[in-house]
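Reviewing the structure listed below.
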Amino acid sequence: MTYLDANASEPLRPAARAAAVAAMAAAGNPASIHAAGRAARRILEDAREAIAARFGAAAAGVVFTSGATEADALAIAGLGAGRRLIVGATEHDAVRAAAAGAAVLPVDAEGIADLATLDRMLAEGGPALVCLMAANNETGTIMPVPEAAAICRRHGALLHVDAVQAAGRMPLDLAALGADSIALSSHKLGGPMGAGALLLAADRPLPPLIAGGGQERGRRGGTPALPAIAGFAAAARDAAPASAARLAPLRDAIEHAATCAGAMPLGAGAARLANTTCLALPGVRAETQVIALDLAGVAVSAGSACSSGRVARSHVLDAMGAGTLAGQAIRISLPWCADAADMRACIAAYAAMAERLSRRAA
Amino acid sequence: MRPNRPVYLDNQATTPCDPRVLAVMLPLFSEQFGNPHSVEHAMGRAAEAATETARAEVAALIGAEPREIIFTSGATEANNLAIKGAARHAAWMGNPRRRIITVATEHKCVLESAADLAREGFEPVVLPVRPDGTLDPAVLAAALAEPTLLVSVMAVNNETGVIQDVASLAALAHAAGALFHTDAAQAAGKIGLDVAGQTLDLVSISGHKLYGPKGVGALYVRRRPRVRLAPLLSGGGQERGLRSGTLPAPLLAGFGAACRIARAEMTEDAARITGLRGRLLAALGAAVPDLVVNGDHAEKIPGSLNLTFPRRDAAALMAACPDLCVSTGSACSSAAVEPSYVLRAMGLDPAAAGRSLRIGIGRFTSPADIDYAAAALSAAHNSETPHPVMPASPMIEA
Numbered sequence: 000m001t002y003l004d005a006n007a008s009e010p011l012r013p014a015a016r017a018a019a020v021a022a023m024a025a026a027g028n029p030a031s032i033h034a035a036g037r038a039a040r041r042i043l044e045d046a047r048e049a050i051a052a053r054f055g056a057a058a059a060g061v062v063f064t065s066g067a068t069e070a071d072a073l074a075i076a077g078l079g080a081g082r083r084l085i086v087g088a089t090e091h092d093a094v095r096a097a098a099a100g101a102a103v104l105p106v107d108a109e110g111i112a113d114l115a116t117l118d119r120m121l122a123e124g125g126p127a128l129v130c131l132m133a134a135n136n137e138t139g140t141i142m143p144v145p146e147a148a149a150i151c152r153r154h155g156a157l158l159h160v161d162a163v164q165a166a167g168r169m170p171l172d173l174a175a176l177g178a179d180s181i182a183l184s185s186h187k188l189g190g191p192m193g194a195g196a197l198l199l200a201a202d203r204p205l206p207p208l209i210a211g212g213g214q215e216r217g218r219r220g221g222t223p224a225l226p227a228i229a230g231f232a233a234a235a236r237d238a239a240p241a242s243a244a245r246l247a248p249l250r251d252a253i254e255h256a257a258t259c260a261g262a263m264p265l266g267a268g269a270a271r272l273a274n275t276t277c278l279a280l281p282g283v284r285a286e287t288q289v290i291a292l293d294l295a296g297v298a299v300s301a302g303s304a305c306s307s308g309r310v311a312r313s314h315v316l317d318a319m320g321a322g323t324l325a326g327q328a329i330r331i332s333l334p335w336c337a338d339a340a341d342m343r344a345c346i347a348a349y350a351a352m353a354e355r356l357s358r359r360a361a
Numbered sequence: 000m001r002p003n004r005p006v007y008l009d010n011q012a013t014t015p016c017d018p019r020v021l022a023v024m025l026p027l028f029s030e031q032f033g034n035p036h037s038v039e040h041a042m043g044r045a046a047e048a049a050t051e052t053a054r055a056e057v058a059a060l061i062g063a064e065p066r067e068i069i070f071t072s073g074a075t076e077a078n079n080l081a082i083k084g085a086a087r088h089a090a091w092m093g094n095p096r097r098r099i100i101t102v103a104t105e106h107k108c109v110l111e112s113a114a115d116l117a118r119e120g121f122e123p124v125v126l127p128v129r130p131d132g133t134l135d136p137a138v139l140a141a142a143l144a145e146p147t148l149l150v151s152v153m154a155v156n157n158e159t160g161v162i163q164d165v166a167s168l169a170a171l172a173h174a175a176g177a178l179f180h181t182d183a184a185q186a187a188g189k190i191g192l193d194v195a196g197q198t199l200d201l202v203s204i205s206g207h208k209l210y211g212p213k214g215v216g217a218l219y220v221r222r223r224p225r226v227r228l229a230p231l232l233s234g235g236g237q238e239r240g241l242r243s244g245t246l247p248a249p250l251l252a253g254f255g256a257a258c259r260i261a262r263a264e265m266t267e268d269a270a271r272i273t274g275l276r277g278r279l280l281a282a283l284g285a286a287v288p289d290l291v292v293n294g295d296h297a298e299k300i301p302g303s304l305n306l307t308f309p310r311r312d313a314a315a316l317m318a319a320c321p322d323l324c325v326s327t328g329s330a331c332s333s334a335a336v337e338p339s340y341v342l343r344a345m346g347l348d349p350a351a352a353g354r355s356l357r358i359g360i361g362r363f364t365s366p367a368d369i370d371y372a373a374a375a376l377s378a379a380h381n382s383e384t385p386h387p388v389m390p391a392s393p394m395i396e397a
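So this is what it looks like as C-alpha cells:
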C-alpha cells in the first residue's frame with residue numbers, strides 16, 4: 000500500500016512512538032502529588048515546554064486538548080465570546096461548525112483569502128474574532144497570516160489560526176505570525192492520535208469547554224492523554240520544515256505526470272505546502288478516482304477525512320470557484336516518510352486510472 | 000528508584016496500563032496509521048475496524064449496543080457532554096424543565112458542569128449524602144417534586160469507593176420524567192453494570208481507570224427510548240454528530256481491550272483485591288487501634304479504602320512515606336490543601352477529613368505491596384516525632 004493521505008493522518012514517527020510507549024509505562028496521574036504522579040507530571044510539563052519552544056509560545060500559553068477540533072472549538076468559544084466571527088471560506092469543518100453564523104471571508108481562485116475584503120469587513124463592525132487557517136488541508140494553499148494579523152491588529156480584532164496542516168511542514172511561530180492563538184494536532188505532524196493543543200499568545204484565562212478538575216490552568220478539565228501528548232512533543236521536535244521541503248520534487252513530479260494524463264491541479268498557483276496537490280480530472284467523479292486508486296494500492300482522499308465517506312462536494316474547491324471540478328478533484332498528500340518509490344507507484348496508478356476513467360467519461 | 004518502589008496504591012487516580020492492553024495498541028502505533036474516518040482507502044478501513052471492535056468491547060462491558068457508545072477523550076468530557084448536552088438539547092426543544100439534580104460527593108467535573116449550566120438558566124440542585132456516603136432515595140424523591148430534567152449520581156465514589164444504588168435512583172428519576180446519568184468512571188470494570196437492567200440513560204466511562212490508556216473514554220447514550228444530546232464539539236461530524244474530531248484508533252483499541260479483560264476477570268480481580276484489602280486493614284487496624292474506615296457501613300468496591308487516622312495528618316503520613324503512592328482525595332484536586340469535600344459531605348469535621356487517606360488497591364497490587372504499605376503507614380503514624388507536613392509542590396497549580 001502506497002500511503003499518500005498524510006493530510007488525513009501522518010504515519011507515526013519512530014521518535015513519537017518511542018515517547019508514547021515510554022509514557023505508557025508511567026503509572027501516575029499528572030495531578031497526583033506522590034512520586035508516580037510527579038513522574039507523570041514531568042512528562043507532561045516537558046512536553047508542554049517542547050511544544051511551546053517549537054512553535055514560539057510560552058509554556059503557560061499551551062493548553063493540551065484531545066485534538067485540533069477541540070482546540071479550535073475552545074479558541075472560538077473563548078476568544079470569540081462577545082465578538083462577531085469572521086471565518087475564511089476554506090476553513091476546516093471544525094472551525095466552521097464552532098463558528099456557526101459567522102461572516103465568511105472569500106478566497107480567490109487559488110484559495111488565498113482576500114485581505115482587502117477582510118480590511119473592509121473589520122472596518123464595518125464591532126470587535127471581531129477572525130479565523131484563518133495557516134495552510135489548507137485540501138489544496139495545501141498557504142494563507143497570508145502575518146498580513147491578516149496586521150490588519151486584525153489595526154482593527155482591534157483577534158486572530159485564531161488553525162495551523163494543523165502547517166505545523167511541521169512550514170515555519171510556524173506564534174509570536175512571528177502575530178496571531179492570538181493557534182490550534183495544533185498531534186497526528187497531523189506524525190504524533191499519535193488523541194492529542195492536540197491550543198497555543199495562546201497571551202496567558203489569558205479561557206472558560207473551559209470541558210469543565211472539571213482544574214487541569215490546564217482551569218482551561219481544560221480531564222486527565223491529560225499523557226502517552227499521546229508525549230508522542231506529540233517528540234513528533235513536533237522531529238518534524239522540521241526543512242525536511243518537509245524534501246517532498247516538493249516528489250509532489251511536483253506526481254503533479255506533472257498527472258497533468259500529462261489530463262489532470263488540472265487546483266490552487267497550484269499559490270504558495271503551497273510541499274507535500275500536497277489537489278488534482279481535478281475533468282468528467283470523472285472524485286469518489287470513482289479514489290476507489291480506483293485504492294484498488295491499485297494507492298491511498299489518497301477526495302477531501303478532508305472527516306467528511307470522506309459522505310462524499311459531499313468540497314466546500315474548499317467551491318469557494319475557489321472550481322465549478323463542476325469541485326466534485327472531480329482528489330487530494331494527494333505525501334507523508335514525511337514518502338520516497339521515490341511512492342512517487343513512481345502513484346504516477347503509474349494515476350496514469351492507468353486517468354486513462355481508463357477519462358476514456359469512459361469522454 | 001529501588002525495585003518495586005514506589006508502591007502504587009492510588010488506583011482511583013489512574014491505573015497502570017495492563018501489558019495485554021499495550022500489546023493490542025502497539026501494532027496500531029506502527030504499521031496501521033490510517034485515519035479511521037478515511038474509509039475510502041484500505042488503511043483507513045483498517046483503522047475503522049479497530050475502533051469498531053473497541054466500540055463493541057466497551058458496549059459489552061455495560062450491556063449496551065455498540066451504536067450506543069460515543070467515544071470521548073475521557074470521563075470528564077463524557078460527563079460534560081452528558082450533562083450539558085442533555086440540558087442544552089432539552090432547552091432547544093422547548094422543554095420547560097430546568098432542574099438538574101446531582102450530589103455533593105460527585106466528581107468535580109460533574110459539579111462544575113451543573114454549575115456552568117446555572118449561567119444558562121438551568122437550576123442545579125446539589126443533594127447531601129448520608130454519613131455512609133449514599134444518597135437517601137427519599138431525599139432524591141423530595142427534590143424530584145419540582146419538574147426535573149436530569150439526575151446525575153455517580154455509580155461509585157472516587158474517594159471512598161461507596162456504591163450508590165443507581166438502579167433504584169434511576170427508577171425514581173424516570174418516575175418523575177427525568178433522565179438519569181451516572182458517572183461510572185470508578186465503577187466500570189470493577190462492578191457489574193447493566194444499562195438495560197438498571198435502566199440508565201447516560202453512562203460515563205474512562206479508559207485509564209480500568210487499566211487502559213489515558214486520553215479515551217466513552218459516553219453510553221440510550222437509543223430506546225432515545226436520549227438526545229447537543230454536542231460539545233462540532234466539526235467533522237464523527238460519532239453521529241455527537242462528538243467531532245478524529246478518533247484516536249490506537250488508544251481506542253487499548254480501551255476496548257481493557258474493557259474485554261475487565262469483563263472477563265472482574266470476579267477474579269474482585270476476590271483477590273478483597274483479600275488484599277482485608278490484609279491491609281487487619282495489619283493497620285492492629286497497629287493503629289482507633290483507625291476509622293469511612294463509608295464502612297455502605298457497600299463499597301473492593302479496591303477502595305478511605306481511612307481516618309486518629310493522630311496524624313494525612314499530609315504528614317504521605318511525607319513520611321515517600322515510597323508509597325496514596326492520596327488525600329481526587330487527583331485533580333489533590334493539590335488543594337483543604338480537606339476532602341467528599342468526606343466533609345459525609346459529615347467528617349475538617350480535622351478528621353485532614354487525617355484521612357485514600358488507598359486504592361488494584362489488579363497489579365501484590366501482597367508484598369500491602370505489607371509494605373501497612374508497615375510504612377503504621378510506623379509513620381506511631382512514631383513519636385511528628386513529621387513535617389509535605390510542602391506544596393511548585394509544579395501543582397491551584
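Residue numbers (numbering that gives the first Met the number 0), protein chains in the order written: chain A, 0 to 361; chain B, 0 to 397.
All C-beta atoms in this analysis are idealised placements derived from N, C-alpha and C, irrespective of residue type, glycine included.
Bear in mind that the values here come from a model prediction, so they are computed numbers and not experimental data.
CA-to-CA distance, residue j to residue i, given in whole angstroms
i                     : j                     : result
residue 71 (chain B)  : residue 378 (chain B) : 43 Å
residue 307 (chain A) : residue 301 (chain A) : Because the pLDDT at residue 307 (chain A) is just 48, under 50, the model does not fix this residue reliably, and the point stays unresolved.
residue 124 (chain B) : residue 339 (chain B) : 20 Å
residue 156 (chain A) : residue 56 (chain A)  : 20 Å
residue 264 (chain A) : residue 108 (chain A) : 12 Å
residue 53 (chain B)  : residue 225 (chain A) : 20 Å
residue 46 (chain A)  : residue 182 (chain A) : 16 Å
residue 394 (chain B) : residue 40 (chain A)  : Caution applies to residue 394 (chain B), whose pLDDT of 35 falls short of 50 and renders its modelled position unreliable; the value that the coordinates give is listed next. Approximately 8 Å between the Cα atoms of the pair.
residue 129 (chain A) : residue 99 (chain A)  : 13 Å
residue 350 (chain B) : residue 306 (chain B) : 13 Å
residue 144 (chain B) : residue 188 (chain B) : 34 Å
residue 104 (chain A) : residue 84 (chain A)  : 10 Å
residue 237 (chain A) : residue 338 (chain A) : 18 Å
residue 161 (chain B) : residue 297 (chain B) : 6 Å
residue 278 (chain A) : residue 33 (chain A)  : 55 Å
residue 355 (chain B) : residue 218 (chain A) : 29 Å
residue 6 (chain B)   : residue 257 (chain B) : 22 Å
residue 331 (chain A) : residue 9 (chain A)   : 13 Å
Exposed unless 16 or more other CB atoms sit within 10 angstroms - verdict on residue i
i                     : result
residue 123 (chain A) : exposed
residue 67 (chain A)  : buried
residue 28 (chain A)  : buried
residue 345 (chain A) : buried
residue 3 (chain B)   : exposed
residue 92 (chain B)  : exposed
residue 314 (chain A) : buried
residue 195 (chain A) : buried
Nearest-angstrom beta carbon gap, residue j and residue i [assumed within contact, 8 Å]
i                     : j                     : result
residue 202 (chain A) : residue 60 (chain A)  : 5 Å
residue 284 (chain A) : residue 214 (chain A) : At roughly 46 Å, the Cβ-Cβ gap does not stay under 8 Å, so residue 284 (chain A) and residue 214 (chain A) are not in contact.
residue 350 (chain A) : residue 280 (chain A) : The pair is not a contact, with the Cβ atoms about 11 Å apart (cut-off 8 Å).
residue 126 (chain B) : residue 109 (chain B) : Wrong, their Cβ atoms sit about 12 Å apart, outside the cutoff.
residue 204 (chain B) : residue 77 (chain B)  : 7 Å
residue 13 (chain B)  : residue 299 (chain B) : Incorrect: roughly 20 Å between the Cβ atoms, too far for contact.
Residue-chain proximity (residue i, chain C), Cβ-Cβ < 8 Å
i                    : result
residue 92 (chain B) : The structure shown has no chain C; the protein chains it does contain are A and B.
key: Complete alpha helix (DSSP H) runs within the region 159–194 of chain B (minimum length 4 residues, chain order)   = 165–174
ask   = Which runs of the beta strand (DSSP E) spanning at least 3 residues fall entirely within the region 310–372 of chain B, listed in chain order?
value = 355–359
Cβ contact (3+ pairs, closer than 8 Å) linking the region 191–211 of chain B and the region 71–91 of chain B = yes
query = Are three or more beta carbon pairs between the region 282–300 of chain A and the region 156–166 of chain A nearer than 8 Å?
reply = no
task = Let me know the beta strand (DSSP E) ranges lying completely inside the region 264–329 of chain A, each 3 residues or longer, listed in chain order.
result = 275–279
query = Are the region 305–321 of chain B and the region 138–153 of chain B touching by the rule of at least three beta carbon pairs closer than 8 Å?
reply = no
query = Quick one: any contact between the region 106–122 of chain B and the region 168–177 of chain B, if contact means 3 or more CB pairs under 8 Å?
reply = no
task = Return the chain-ordered ranges of every alpha helix (DSSP H) run that is complete within the region 12–82 of chain B and spans a minimum of 4 residues.
result = 18–27 and 41–60
message = So within the region 108–193 of chain A, which uninterrupted alpha helix (DSSP H) runs reach at least 4 residues, ignoring any that extend past its ends?
response = 114–123, 144–154 and 173–176, all fully within the region 108–193 of chain A.
ask   = Should the region 246–254 of chain B be called in touch with the region 23–33 of chain B, which here means at least 3 C-beta pairs below 8 Å?
value = yes
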